[in-house]
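Number 35 in the numbering used here belongs to position 10 of the sequence shown; there are no gaps in the numbering. Below is one structure, written out as structure tokens; the observations come after it.
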Amino acid sequence: MSTAPLSAPSIDPEEVAYFERLAHRWWDTEGPFWPLHRLNAFRVDYIRRHLCAALDRDPNAERPFADLRILDIGCGGGILSESMARLGAQVTGIDITEKNLQVARMHAQWSELEIDYRLASVEQLAEDEAGFDVVLNMEVVEHVEHLPDFLADCARLVQPGGLMVVSSINRTPAAWVMAILGAEYILRWLPRGTHHYRKLVRPAEVAHGLGAGYRLIHETGVRVNPFNRAFGYTRWKGVNYMMVWQRRAD
26 MSTAPLSAPS IDPEEVAYFE RLAHRWWDTE GPFWPLHRLN AFRVDYIRRH
76 LCAALDRDPN AERPFADLRI LDIGCGGGIL SESMARLGAQ VTGIDITEKN
126 LQVARMHAQW SELEIDYRLA SVEQLAEDEA GFDVVLNMEV VEHVEHLPDF
176 LADCARLVQP GGLMVVSSIN RTPAAWVMAI LGAEYILRWL PRGTHHYRKL
226 VRPAEVAHGL GAGYRLIHET GVRVNPFNRA FGYTRWKGVN YMMVWQRRAD
């Protein structure tokens, strides 16, 4: 597998450099990615419930995702990919940072999990492969350039009838106050510069990018309690949100 730097319209070199600097900290639950570890348990429960409901599977089964081909876009150090593999899925994780993938591969080997990690952009994968049952687009869209083209390529990767799960931060003044000013500069839950307001994504922009070939089957806002650092659901999607989309049958 090539380790040469990737080049694609959606890739922002500054974002790549940022995550390269932090790659060795992915599995440090008390390090800079601790919010992602806490969020992961919350979002895995959401993914499990809504995928099982849409695909008529038992959410209480030990491996409810058995035989599902799941793509984890922007897999980072593999936190979400490993959770999906433990639920029985055949997981492909892609990232544009080789250092992230090195960490992910080592941790998967240590965890005795088989996960197909690839240094690849969405644009590249959309040219070579399609037909995933599920595509996970979690905390990714707010880091890309040329969002409509990126989402169009993501949309091509889902087989007809398959699902895409998207989570992101809304582009609202409240999100700037809470997710950037509050989380990065006041509470210091995240390193400064993790998010940029101009890149935050409104739910309507996700819908537009996926196009008429997709229908929304569930959405929810996500809140975090600053005192106990616990995540919960809310009807208000003004800051964080999660959405489940289904590709219409051709």
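Even glycine gets a Cβ: it sits at the ideal position worked out from N, Cα and C. These figures come from a predicted structure and were not determined experimentally.
Would you tell me roughly how many angstroms separate the C-alpha atoms of A29 and E152, rounded to the nearest one? Confidence at A29 is low in this model, with a pLDDT of 44, below 50, so the placement of that residue should be treated as unreliable; the coordinate-derived value is given next. If I take the Cα positions, the gap works out to 19 Å.
Of all the beta strand (DSSP E) runs that stay within the bounds of the region 146-216, which reach a length of 3 or more residues? 157-163, 183-194
What does DSSP give as the partner residue(s) for R68 in the beta ladder? DSSP lists no partner for R68.
Assign M26 to one of three DSSP states: helix, strand, or coil. Unreliable positioning characterises M26 in this predicted model, as indicated by a pLDDT of 37, which lies under 50. The coordinate reading is nonetheless provided below. Coil at M26, not helix or strand.
For S27, I'd like the list of residues in its chain whose CB is within less than 7 Å of its CB, leaving aside the five on either flank, ordered along the chain. Low local confidence applies: a pLDDT of 38 at S27 is under 50, so the model's placement there is unreliable, and no value is given.
Host beta strand (DSSP E) of L96 (start-end): 94-98
Residue span of the alpha helix (DSSP H) that contains H132, given as start and end: 123-135
Kindly indicate which three-state DSSP category L80 falls into: helix, strand or coil? helix
Length-filtered (4 minimum) alpha helix (DSSP H) runs lying within the region 212-263: 228-235
Residue from Y239, H75, R254, L126 whose Cα sits closest to the Cα of L215: R254
Nearest-angstrom Cα distance between A25 and S106? As displayed, the chain neither begins before 26 nor continues past 275, which places residue 25 out of reach and without an answer.
For K224 and G166, the rounded distance between their alpha carbons: Per the sequence presented here, residue 166 reads as Val, with Gly not at that position. Approximately 8 Å between the Cα atoms of the pair.
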